[in-house]
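The next block holds one structure in the form of structure tokens; read it before the comments.
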Amino acid sequence: MFGLDLLKLIDARIEAYRQKQTATGTVQTRQSASRATVTFDGSALAVPVKVLGHVHVRENSRVTLARFGSEWVVVGVFGGAGSLLTTWAAPTNSSGVFTEAAVLAVTGFTFEPQAVYRLRLGGQVQGSVANYSLWRVRDRATGPYPVDWGQFGHYHCPVADLPFALLGEHYLAHVGSTPLEGQTIAVTAQASTGTVQHIGSATTPRYLAIERCPGSPAEYPHALVI
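Quick note on full-length UniProt numbering: the sequence shown kicks off at 1 and runs consecutively.
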């Protein structure tokens, strides 16, 4: 049974929050495009709140909230969108591939609702013979690959066994109302002849950087919808 002093303290805390019209907190879960749970600063309890449509949050986002009637609503996020989410990098070369195969993969990725992501591929490409290679984005690290998430494009190695710069950019948009959790983003390569490698070194690692873009999918008509 709670003591009288503790009950008075709880009542005082509740009344204080009733009087407040703004607050700050930390997102614990993103439940849909318009719903989340937030732990308010000074509290240990995650409570359900609404999220404005133009505000993009994810787990652990620091947010500002305003009270509208009886509802707390996330109205802003510290740092905003456009932040780097993850980077896969390696100072070593991939195996040589001829038929389509993954040269790198990011696993356990979450696509948030109504969000756009920029994928930046870097490093160098090298052919065992003079060749062309096609670099794609897939939803799994091993084939077959029934789902096509677009491509970075074709790259040319005019001379055998000599690395050439590889820089690519691609956009993915998730237009659903719930997160896509536990996803794999793989980059595959396929050579026209001979084999091709994704080249990395200690000074020039090969990498895939994934960035959350500001705005909504409607602002990125060039993004591939997943």
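Even glycine gets a Cβ: it sits at the ideal position worked out from N, Cα and C.
Treat the numbers as computed from the prediction; the structure is a model and nothing was measured.
Residue from the options with nearest C-alpha to residue i
i	options	result
residue 183	126, 189, 73, 110	110
residue 190	56, 98, 205	98
residue 198	40, 96, 139, 224	96
residue 116	36, 218, 151	218
residue 22	224, 142, 69, 226	69
residue 39	134, 33, 61	61
residue 222	172, 101, 164, 129	172
residue 157	185, 133, 142	133
residue 237	63, 100, 181, 185	The requested residue 237 is not part of the displayed model; the chain covers only 1 to 226.
residue 32	192, 121, 181, 139	181
residue 122	129, 140, 164, 114	164
residue 155	4, 140, 192	192
residue 215	100, 5, 114, 140	114
residue 139	226, 5, 4	226
residue 204	93, 100, 129, 220	93
Environment of residue i [buried if 16+ CB atoms lie within 10 Å]
i	result
residue 112	buried
residue 43	exposed
residue 89	exposed
residue 159	exposed
residue 104	buried
residue 174	buried
residue 78	exposed
residue 124	buried
residue 177	exposed
residue 170	buried
residue 45	exposed
residue 144	exposed
residue 147	exposed
residue 81	Because residue 81 carries a pLDDT of 47, less than 50, the predicted location of this residue cannot be relied on, and no value is offered for it.
CB of residue i within 9 Å of CB of residue j, strictly
i	j	result
residue 137	residue 187	yes
residue 30	residue 71	no
residue 54	residue 212	no
residue 206	residue 166	yes
residue 107	residue 209	no
residue 131	residue 200	no
residue 25	residue 65	yes
residue 168	residue 152	yes
residue 202	residue 48	no
residue 50	residue 34	yes
residue 142	residue 102	yes
residue 149	residue 224	yes
residue 74	residue 27	yes
Opposing strand residues paired with residue i [DSSP bridges]
i	result
residue 182	BP columns for residue 182 are empty, so no partner.
residue 170	119
residue 102	188
residue 224	172
Which runs of the beta strand (DSSP E) spanning at least 3 residues fall entirely within the segment 21-97, listed in chain order? If we require 3 residues or more, the beta strand (DSSP E) runs fully inside the segment 21-97 come out as 22-30, 35-40, 46-51, 62-68, 71-77, 84-90.
Going along the chain, which unbroken runs of the alpha helix (DSSP H) with 4 or more residues stay wholly within the segment 115-164? As far as the segment 115-164 is concerned, it has no whole alpha helix (DSSP H) run of at least 4 residues.
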